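If you're matching positions, the sequence shown starts at 1 in full-length UniProt numbering and goes up one per residue.
Cβ atoms here follow ideal geometry from the backbone N, Cα and C, with glycine treated the same way.
Bear in mind the structure is a predicted one, so any value in this text is a computation, not a measurement.
Since the structure comes first, as structure tokens, the remarks are kept for the end.
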Amino acid sequence: MSEIPGQLALVGAFVNTLDVEEGTDELAQWLAARGPVEPGDADLALALRTALRAELTDHDGAVRAELDRLAAGLPLRARFTADGVELAAVGAGVRGALASVVAEVVLAEREGAWTRLKICREDTCQYAFYDWSKNSSKTWCGASCGNRNKTRAYRQRRIVGPARA
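This is the structure:
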């Protein structure tokens, strides 16, 4: 699996708290590591993770309204510095961490890196990975997922058999 670059590392770690392959969900641990979990934090985090994973699956904008709604409740502000303008989290704790996730998404979108963060198309994996390929055309996080998918498709074709005229 490819390493997610620093500008998207927090987003990758957050969305990968759901490990489909292992059948584990480490969202509660991720939240607890960032501070006391206040009422509503877990629900907000789950909704944000779900929406981000949906966006990473297709990058078709279908969940942008939901992401906008979720981001509106987070402590974010524009910061103007000598180096430029950035969106930054204000505060700490769980909501501050979730705001940092959203800020990373905004920065990655602006820099053209957002569409390179994807969800593996292998149903048994669904790991978030960064597509380092030149034309950003990868659909699987690694060769093992691609091989698994191709083998399954090959076996299915063999079961169906050749088309008869």
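Under DSSP, the beta-bridge partners assigned to residue 76 are 89. A direct Cα-to-Cα measurement between residue 85 and residue 77 gives close to 10 Å. Contiguous alpha helix (DSSP H) elements confined to the stretch 10-73 occur at 27-32, 41-58, 64-72, taking only those with 4 or more residues. In the displayed model, residue 81 falls within a strand according to three-state DSSP. With contacts defined as CB atoms closer than 8 Å, residue 46 and residue 27 qualify as a contacting pair.
Between the stretch 91-98 and the stretch 21-41 there are three or more inter-stretch CB-CB distances shorter than 8 Å, so the stretches are counted as touching. Shortest Cα-Cα distance from residue 17 to any of 122, 33, 106, 83 involves 33. The beta-bridge partner set that DSSP reports for residue 97 is empty. Annotated three-state conformation of residue 159 is helix, per DSSP.
With a cut-off of 8 Å on Cβ pairs, the stretch 120-139 is not in contact with the stretch 98-105, counting fewer than three such pairs.
If you look at residue 127, you'll find it isn't in any beta strand (DSSP E); DSSP assigns it neither H nor E. By the 16-neighbour rule on beta-carbons within 10 angstroms, residue 114 is buried.
For residue 119, the enclosing beta strand (DSSP E) starts and ends at 117-119.
In this structure, the CA atom of residue 48 is about 21 Å from the CA atom of residue 21. The distance from the Cβ of residue 53 to that of residue 15 is about 5 Å, consistent with a contact at the 8 Å cut-off.
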